[in-house]
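A short worksheet on the structure shown next.
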Amino acid sequence: MVEWEKVKVGDIGKVITGKTPKTSNSEYYGGNIPFLTPSDDMSVKYVRKTNKYITEIGRLSIKNATLPANAICVSCIGSDLGKVVITTQKTVTNQQINSIVVDTDKFDIDFVYYSMLELGKILNFHSKTSTAVPIVNKSSFSQYEIDCPKLNTQKKIGAILSSIDNKIEENNQINKNLEEQAQSIFANEFLSLDTLPEGWKQASLIDIADYLNGLAMQKYRPTADESGIPVLKIKELRQGCCDDNSELCSPSIKSDYIIHDGDVIFSWSGSLLVDFWCGGTCGLNQHLFKVTSNIYDKWFYYSWTNYYLQKFAAIAADMATTMGHIKREELAKSRVLIPSNSDYERIGGLLAPLYNLVISNRIENSKLATIRDTLLPKLMSGEVDVSNLDL
13 MVEWEKVKVG
23 DIGKVITGKT
33 PKTSNSEYYG
43 GNIPFLTPSD
53 DMSVKYVRKT
63 NKYITEIGRL
73 SIKNATLPAN
83 AICVSCIGSD
93 LGKVVITTQK
103 TVTNQQINSI
113 VVDTDKFDID
123 FVYYSMLELG
133 KILNFHSKTS
143 TAVPIVNKSS
153 FSQYEIDCPK
163 LNTQKKIGAI
173 LSSIDNKIEE
183 NNQINKNLEE
193 QAQSIFANEF
203 LSLDTLPEGW
213 KQASLIDIAD
223 YLNGLAMQKY
233 RPTADESGIP
243 VLKIKELRQG
253 CCDDNSELCS
263 PSIKSDYIIH
273 DGDVIFSWSG
283 SLLVDFWCGG
293 TCGLNQHLFK
303 VTSNIYDKWF
313 YYSWTNYYLQ
323 KFAAIAADMA
333 TTMGHIKREE
343 LAKSRVLIPS
353 NSDYERIGGL
363 LAPLYNLVIS
373 NRIENSKLAT
383 IRDTLLPKLM
393 SGEVDVSNLD
403 L
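Per this note's numbering, the very first residue in the sequence shown carries number 13; after that it's consecutive.
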């Protein structure tokens with residue numbers, strides 16, 4: 013690689029290890045400063061919200077731990093080791109995250125972010141081969157090296173990969189707006205009625221859809237002569253895709269248990285979630301329902317299942333077990349309204365196009381992510397030469 017050199021992470025900018033304000037002091041929490049931990053969504057490029065926020069008093073209680081916008085945060089402990097995000101505002105992280113405040117006179121922020129993604133793969137691999145809880149402290153993290161070209165080339169590489177991620181984020185924002193519109197229409201059509209309109213009737217969730225529980229996939233591993241397909245578990249549903257760490261199952265399982273793009277999946281145990289799966293073909297694991305119907309359309313049974321999700325979550329949380337779950341009897345207790353044929357068609361004409369576009373955008377995002385992930389190691393190693401590109 014002409015004009016590329018090895019650079020230590022510690023030379024890219026200032027490395028900061030996070031700190032946690034005392035949890036016993038209530039004055040430190042509940043403010044508007046994001047407090048980032050590995051339990052937050054670190055599958056995105058930019059962190060725009062966190063599960064916890066701290067106050068200005070909380071921030072000042074920990075010295076030298078405040079990050080500016082555009083700091084690059086890398087999870088450095090446990091199973092989440094190697095995940096990377098960029099801050100969008102003044103942020104504090106816990107001690108499980110090492111962050112880089114990039115020296116922008118010498119390094120491009122986007123290039124460093126994508127370099128950390130590649131480094132993150134190495135860190136995560138190491139975590140899988142360790143018997144102890146894997147951890148990368150500040151001094152070790154600072155000693156890792158990346159391959160780095162001149163700043164102009166960095167900017168080109170960063171721009172190419174960022175253009176893909178920007179489109180993914182744009183689609184995500186469009187989908188957020190579409191889903192809000194759909195929920196508003198659903199509430200207006202079904203939840204604001206004083207009396208049951210003529211031709212409408214009441215039923216339950218199990219009357220309008222079939223809820224197929226997945227298989228214990230450890231019993232259905234690929235044979236020696238089979239190429240396995242990924243197993244869809246709660247983790248994959250939450251992140252919206254399968255990955256290199258996903259388990260594999262035999263493609264010869266009964267076709268009912270094979271999941272395709274656009275299928276409605278309901279996680280009924282542990283982390284309750286209902287969503288459209290758009291992460292490619294996979295096998296349905298136990299603790300997940302595949303929701304289908306031979307009578308009603310996807311928009312209808314998805315909307316009603318999603319409507320009851322908050323109630324189901326409350327029921328699961330009240331269970332005196334380590335993993336709350338929903339029983340089928342709760343589905344039978346959940347009342348739904350079935351419109352007259354004419355109203356069903358009218359409402360479906362409003363909701364179906366919105367959800368179809370959500371699914372289409374997610375499938376496009378999956379393809380874009382594949383392109384990005386294919387380009388990433390080639391660009392970051394110099395295998396693909398960008399020196400002649402005019403960006």
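Glycine included, C-beta positions come from ideal geometry on N, C-alpha and C.
- From the DSSP output, in three-state form, read off Pro-50 for me. Counting from 1 along the sequence shown, the entry for residue 50 is found at position 38. Per DSSP, reduced to three states, the secondary structure at Pro-50 is coil, with no helix or strand assignment.
- Task: Could you tell me the distance, in whole angstroms, from the CA atom of Lys-302 to the CA atom of Phe-288?
- Result: As a working mapping, residue 302 is identified with position 290 in the sequence shown. As a working mapping, residue 288 is identified with position 276 in the sequence shown. Those two C-alpha atoms are separated by around 10 Å.
- Cβ of Val-396 within 7 Å of any heavy atom in the ligand PLP? Annotation note on the ligand PLP: not contained in the displayed structure, which lists no ligands.
- Could you tell me whether the Cβ atoms of Ser-315 and Leu-363 are closer together than 8 Å? Within the sequence shown, the letter at position 303 stands for residue 315. Within the sequence shown, the letter at position 351 stands for residue 363. Between Ser-315 and Leu-363, the CB-CB gap stays under 8 Å.
- Message: Taking 8 Å as the cut-off, does the region 27-43 touch the region 66-81 (at least 3 CB pairs, one atom from each stretch)?
- Response: Yes, the region 66-81 is in contact with the region 27-43.
- Simplified DSSP assignment, three categories, for Thr-386: To locate residue 386, count along the sequence shown from 1; it is residue 374. DSSP places Thr-386 in helix when its eight states are reduced to three.
- Message: With three or more C-beta pairs closer than 8 Å as the rule, is the region 45-53 touching the region 126-137?
- Response: no
- Out of Trp-280, Asp-355, Ser-175, Gly-295, state which residue places its alpha-carbon closest to the alpha-carbon of Asn-318. Within the sequence shown, residue 318 is the residue found at index 306, counting from 1. Ranking the options by Cα distance to Asn-318, first place goes to Trp-280.
- Classify Thr-334 as helix, strand or coil using the three-state DSSP reduction. Here residue 334 refers to the residue found at position 322 when the sequence shown is read from its first residue. With a pLDDT of 49 at Thr-334, under the threshold of 50, the predicted position of this residue should be treated as unreliable, though the coordinate-derived value follows. Coil, per DSSP.
- Assigned secondary structure, Leu-224 (DSSP; H/G/I helix, E/B strand, else coil): Mapped onto the sequence shown, residue 224 falls at position 212. In this structure, Leu-224 counts as strand in the three-state DSSP scheme.
- Message: Assuming the contact rule is C-beta atoms closer than 8 Å, Leu-173 and Asp-122 should be a hit. Round their C-beta distance to whole Å, please.
- Response: For this step, residue 173 is matched to residue 161 along the sequence shown. For this step, residue 122 is matched to residue 110 along the sequence shown. With a Cβ gap of about 7 Å, Leu-173 and Asp-122 count as contacting.
- Task: Could you tell me whether the Cβ atoms of Val-124 and Val-113 are closer together than 8 Å?
- Result: To locate residue 124, count along the sequence shown from 1; it is residue 112. To locate residue 113, count along the sequence shown from 1; it is residue 101. No, the pair does not count as a contact, with Cβ atoms beyond the cut-off.
- Query: Which whole runs of the alpha helix (DSSP H) in the region 93-149 are 4 residues long or more, in chain order?
  - Reply: 121-140
- Alpha-carbon to alpha-carbon, Gly-295 and Leu-244: Numbered from its first residue, the sequence shown carries residue 244 at position 232. Numbered from its first residue, the sequence shown carries residue 295 at position 283. Those two C-alpha atoms are separated by around 6 Å.
- Message: Can you give me the C-alpha to C-alpha distance between Ile-359 and Asn-200, rounded to a whole angstrom?
- Response: Taking the first residue of the sequence shown as 1, we reach residue 359 at position 347. Taking the first residue of the sequence shown as 1, we reach residue 200 at position 188. Between Ile-359 and Asn-200, the C-alpha separation is close to 10 Å.
- As assigned by DSSP and simplified to three states, the class of Gln-298: Within the sequence shown, residue 298 is the residue found at index 286, counting from 1. Reduced to three states, the DSSP call for Gln-298 is coil.
- Message: Let me confirm a value: Thr-334 is counted as buried when at least 16 other C-beta atoms fall within 10 Å, else exposed. Which label applies?
- Response: Locating residue 334 in the sequence shown gives position 322, counting from the first residue. Low confidence applies here, because Thr-334 scores a pLDDT of 49, under 50, leaving its location unreliable; read the following figure in that light. Counting Cβ neighbours within 10 Å, Thr-334 comes out exposed, since fewer than 16 surround it.
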